[in-house]
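Residue numbers (full-length UniProt numbering): 1 to 37.
Read through the structure below, which is laid out as structure tokens, and then see the notes.
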């Protein structure tokens, strides 16, 4: 699981990571924090 700054959201590398990425990408505050907003 990592944050891809080029696309602006979390990417999961495996099934577990994809599940977490999907959940984390719904958190607009977390996304804004990772983007540095």
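Note that beta-carbon positions come from the ideal geometry of N, C-alpha and C, so glycine has one too.
The Cβ atoms of residue 1 and residue 17 lie closer than 8 Å to each other. In the DSSP annotation of this structure, the continuous segment of the beta strand (DSSP E) that includes residue 4 starts and ends at 2 to 4.
For a cut-off of 8 Å, the C-beta gap from residue 3 to residue 22 is around 14 Å, too long to register as a contact. Its chain contains 9, 10 and 31 as the residues whose beta carbon lies nearer than 8 Å to that of residue 25, once the 5 sequence neighbours on both sides are disregarded; these appear in chain order.
Boundaries cannot be given for residue 37, as no alpha helix (DSSP H) includes it and DSSP labels it neither H nor E.
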